[in-house]
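Visitor: Mapping to numbering that gives the first Met the number 0: the sequence shown position 51 is 50, numbers consecutive. For each residue, glycine too, the CB sits at the ideal point set by N, CA and C. Submitted below is the structure of interest, expressed as structure tokens.
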Amino acid sequence: MKKLLLSLLLGSMTFQGFSQGNVYKQETGKFEGLAMTPPMGWNSWNTFATNIDEKMVKETADIMVSSGMAAAGYNYIVLDDGWMAKERDSNGDLVPDPVKFPGGMKALIDYVHSKGLKFGLYNCAGTKTCAGYPGTRGCEYQDARFYAKLEIDFLKYDWCNTAGINAPEAYGTMSNALKKAGRPIVFSLCEWGDTQVWNWGKPIGNLWRISGDIYPCFDCEYKHPENWSSWGFMKIVEMRKDIRKFSGPDHWNDFDMMEVGNEMNDTEDKSHFAMWCMMASPLIAGNDFRKMSKETLAILTNKELIAVNQDKLGIQGFKLSAEEGLEVWVKPLSDGNWAVTFLNRTDAPKKINFDWKKNPIKDVDFGFEADFNKTVFKIKDLWKNKEAGTTKKNFTADLASHDVITIRLIP
Ligand code: GAL
């Protein structure tokens, strides 16, 4: 009996000794499952930069609902850089700009929620945001609690003023802080692909930017005087077409907020939207809803294209072929369907004469195939919303400069 007591005592001492200093386990990792299809919404930056205010945001939320955008799936209203005052308060908390948001941020968030929408804010992993407002560096847990208390649903987290900071660590810390604060908040990483976020972002965030900023043009590079560039939408697609296997449900390659309805013409806007759908990119509108034309609205709310983007397989498409500027992009969809986009990259019109039988599709990254010698697919034109024959015959059509035709193949 004595022996037994002694060994029990020793056992418990050893156990306590072993566990000492190691009793607290930090819960890590993002909130899982918040973005099983690419997030859809609106962000203030592309049109308004830091010129944002309560009235404009409320009007945007109202139109999101009244225009049919919300019904089409757009549900996040995200305020980008410029929502804060220049200094934290005496407790070290962030301060929403009282001039831009006289009613207070919480009231605005409640308003957006009351419309059945979700709300997002922006900050930066660095000491200051890109526009010079207080950054989160060193205040991760405090800021996460601030966001949870405000009841936001989405946080975009940028990468300015981060000299000497390790990106996976900085984003990992904020992700853990959000988890600890307890409110499920979609975490949107924005390190521009500088440290190849797609290699390390999956346990940390639900989506991540893969490039520098978008510019409202088809294929241009806009060089800023401060020695950085913004990119036309096809530049971003081309730059990141080869990292498709890193994207998928709850960990999306984010091709940036859209420029649909900004400075391009309707044809280019249509191609821009089609490519964002083909790439399974988040669909975050960046235009002024209060001035939106009916053409822009029709592009952004095209149900068939949105279904391609939101397909539950969540696979980023790829370029199947390119001949003299006539490109064919394909995306495997659930139920053996495929989306196919013919894109005219050139400045002149093109004739499409596509022989399916000579162009089998093989997706080596995800293991899907379509052999048109074995299977005949019905074709649906997704912009015209009508049947367009089958893959038994060549697909023929005229395609204007910078235009697209997007079709769905149904076995
Ligand atoms: C950039 C970011 C943009 C926008 C801007 C705000 O770094 O890529 O999308 O958020 O900062 O200053």
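Would you call the stretch 202 to 219 and the stretch 54 to 66 in contact, with 3 or more CB pairs under 8 Å?
Guide: The answer is no - the stretch 54 to 66 does not touch the stretch 202 to 219, with fewer than three Cβ pairs under 8 Å.
Visitor: Run the proximity test for TYR121: is its beta-carbon closer than 7 Å to any non-hydrogen atom belonging to the ligand GAL?
Guide: Here residue 121 refers to the residue found at position 122 when the sequence shown is read from its first residue. Under cutoff, so the answer is yes.
Visitor: Tell me whether ASP152, by its Cβ, gets closer than 7 Å to a heavy atom of the ligand GAL.
Guide: Taking the sequence shown and counting its residues from 1, the one referred to as residue 152 is at position 153. False, no ligand heavy atom lies under 7 Å from that Cβ.
Visitor: Using alpha carbons as the reference points, say which of ASN336, PRO348, LYS392, LYS350 lies closest to ILE409.
Guide: Your numbering for residue 409 matches position 410 in the sequence shown. When each option's Cα is compared against that of ILE409, the closest is ASN336.
Visitor: In terms of residues, what are the limits of the alpha helix (DSSP H) holding HIS271?
Guide: Position 272 of the sequence shown holds residue 271. Per DSSP, HIS271 belongs to the alpha helix (DSSP H) from 265 to 277.
Visitor: Quick one: residues in its chain with C-beta nearer than 6 Å to the C-beta of HIS414, no 5 flanking neighbours on either side, listed in chain order?
Guide: The displayed coordinates of the chain run from 0 to 410. Any statement about residue 414 would go beyond what the structure contains.
Visitor: Which residue comes first and which comes last in the beta strand (DSSP E) that contains GLY119?
Guide: Residue mapping note: residue 119 aligns to position 120 of the sequence shown, counting from 1. 117 to 123 is the span of the beta strand (DSSP E), which, as asked, contains GLY119.
Visitor: Let me confirm a value: ASN198 is counted as buried when at least 16 other C-beta atoms fall within 10 Å, else exposed. Which label applies?
Guide: Here the question's residue 198 lines up with position 199 in the sequence shown. ASN198 comes out exposed.
Visitor: When the Cα atoms are used, what is the spatial distance from SER174 to LYS350?
Guide: Taking the first residue of the sequence shown as 1, we reach residue 174 at position 175. Taking the first residue of the sequence shown as 1, we reach residue 350 at position 351. Those two C-alpha atoms are separated by around 49 Å.
Visitor: Of all the options GLN309, GLY313, ASP310, LYS330, which has the alpha carbon lying nearest to the alpha carbon of LEU319?
Guide: Counting from 1 along the sequence shown, the entry for residue 319 is found at position 320. When each option's Cα is compared against that of LEU319, the closest is LYS330.
Visitor: What residues come near the ligand GAL, if near means a beta carbon less than 7 Å from any of its heavy atoms?
Guide: Qualifying residues, in the order they occur: TRP44, ASP79, ASP80, TYR121, THR128, CYS129, ALA130, LYS155, ASP157, TRP158, CYS159, CYS189, TRP191, ARG208, GLY211, ASP212, ASP255, MET256.
Visitor: What is the DSSP secondary structure of LEU3, reduced to helix, strand or coil?
Guide: Within the sequence shown, numbered from 1, the residue matching residue 3 stands at position 4. Any reading at LEU3 must be qualified, since the residue scores a pLDDT of 48, below 50, and its modelled position is unreliable; the value itself is stated next. Here LEU3 sits in helix by DSSP.
Visitor: Do ASN308 and ALA284 have their C-beta atoms closer together than 8 Å?
Guide: One-based indexing of the sequence shown puts residue 308 at position 309. One-based indexing of the sequence shown puts residue 284 at position 285. Not a contact, by the Cβ cut-off of 8 Å.
Visitor: Going by C-alpha distance, which of LYS85, TYR75, ASN122 is nearest VAL111?
Guide: Here residue 111 corresponds to residue number 112 of the sequence shown, with the count starting at 1. The shortest C-alpha separation from VAL111 is found at TYR75.
Visitor: For the beta strand (DSSP E) that contains ASN252, what are its first and last residues?
Guide: Here residue 252 corresponds to residue number 253 of the sequence shown, with the count starting at 1. Segment 251 to 253, the beta strand (DSSP E) holding ASN252.
Visitor: Can you give me the start and stop residues for the alpha helix (DSSP H) that TRP258 sits inside?
Guide: Position 259 of the sequence shown, counted from the start, is the residue given in the question as residue 258. For the sequence presented, residue 258 should be read as Glu rather than Trp. Segment: none, GLU258 is in no alpha helix (DSSP H) and carries neither H nor E.
Visitor: Going by Cα to Cα distance, which pick from LEU33, PRO101, LYS385 is closest to MET55?
Guide: Position 56 of the sequence shown, counting from 1, holds the residue named residue 55. The shortest C-alpha separation from MET55 is found at PRO101.
Visitor: Is the stretch 392 to 408 touching the stretch 376 to 383 in the sense that three or more CB pairs, one from each, lie closer than 8 Å?
Guide: In short, these stretches touch, since the Cβ pair count reaches three.
Visitor: How far does the alpha helix (DSSP H) with VAL185 in it extend, from its first residue to its last?
Guide: What you label residue 185 is simply residue 186 of the sequence shown in a count that begins at 1. Per DSSP, VAL185 belongs to no alpha helix (DSSP H); it is in the beta strand (DSSP E), 185 to 188.
Visitor: Identify whether ILE314 lies in helix, strand or coil by the three-state DSSP scheme.
Guide: For the purposes of this step, residue 314 is taken as the residue at position 315 of the sequence shown. Coil.
Visitor: Can PHE254 and ILE314 be called in contact, C-beta distance under 8 Å?
Guide: Working through the sequence shown from its first residue, we reach residue 254 at position 255. Working through the sequence shown from its first residue, we reach residue 314 at position 315. No, the Cβ-Cβ distance between PHE254 and ILE314 is not below 8 Å.
Visitor: Return the chain-ordered list of same chain residues with a C-beta closer than 6 Å to the C-beta of GLU294, the five sequence neighbours on each side being excluded.
Guide: As a working note, residue 294 is residue 295 in the sequence shown. ASP265, listed in sequence order.
Visitor: Using a 10 Å radius around the Cβ and a threshold of 16 neighbouring Cβ atoms, would you call GLU326 buried or exposed?
Guide: The sequence position of residue 326 within the sequence shown is 327, counting from 1. Classification for GLU326: buried.
Visitor: Taking one C-beta from the stretch 236 to 244 and one from the stretch 219 to 226 each time, how about it: are there three or more such pairs within less than 8 Å?
Guide: These segments do not touch.
Visitor: Is the CB-CB distance between ALA169 and ALA124 below 8 Å?
Guide: Position 170 of the sequence shown, counting from 1, holds the residue named residue 169. Position 125 of the sequence shown, counting from 1, holds the residue named residue 124. Against a cut-off of 8 Å, the Cβ pair of ALA124 and ALA169 comes out as a contact.
Visitor: Identify whether PRO410 lies in helix, strand or coil by the three-state DSSP scheme.
Guide: Position 411 of the sequence shown, counting from 1, holds the residue named residue 410. If DSSP states are grouped into helix, strand and coil, PRO410 belongs with coil.
Visitor: Exposed or buried, which one is LYS302 when buried takes at least 16 other CB atoms within 10 Å?
Guide: In the sequence shown, residue 302 corresponds to position 303, counting from 1. The residue is exposed, with fewer than 16 neighbouring Cβ atoms inside 10 Å.
Visitor: Roughly how far, in whole angstroms, is the beta-carbon of ASN205 from the beta-carbon of ALA34, given that I think they are within contact range, below 8 Å?
Guide: To locate residue 205, count along the sequence shown from 1; it is residue 206. To locate residue 34, count along the sequence shown from 1; it is residue 35. Confirmed, about 4 Å.
Visitor: Roughly how many angstroms separate the alpha carbons of ALA166 and ASN393, rounded to a whole number?
Guide: Mapped onto the sequence shown, residue 166 falls at position 167. Mapped onto the sequence shown, residue 393 falls at position 394. Between ALA166 and ASN393, the C-alpha separation is close to 49 Å.
Visitor: Pick from MET277, THR340, PRO133: whose alpha carbon is nearest that of ASP157?
Guide: Numbered from 1 along the sequence shown, position 158 holds the residue referred to as residue 157. Out of MET277, THR340, PRO133, PRO133 has the C-alpha closest to the C-alpha of ASP157.
Visitor: Going by beta carbon distance, what residues of the same chain come within less than 6 Å of THR126, once the five residues before and after it are set aside?
Guide: As a working note, residue 126 is residue 127 in the sequence shown. Hits under 6 Å: GLY134, ARG136, ASN160.
Visitor: With which residues is VAL363 paired in a DSSP beta bridge?
Guide: Taking the first residue of the sequence shown as position 1, residue 363 is located at position 364. Answer is none; VAL363 lacks a bridge partner.
Visitor: I need the straight-line Cα distance from TYR221 to TRP230, nearest angstrom please.
Guide: Translated into the one-based positions of the sequence shown, residue 221 becomes position 222. Translated into the one-based positions of the sequence shown, residue 230 becomes position 231. If you take the alpha carbons of TYR221 and TRP230, they lie about 6 Å apart.
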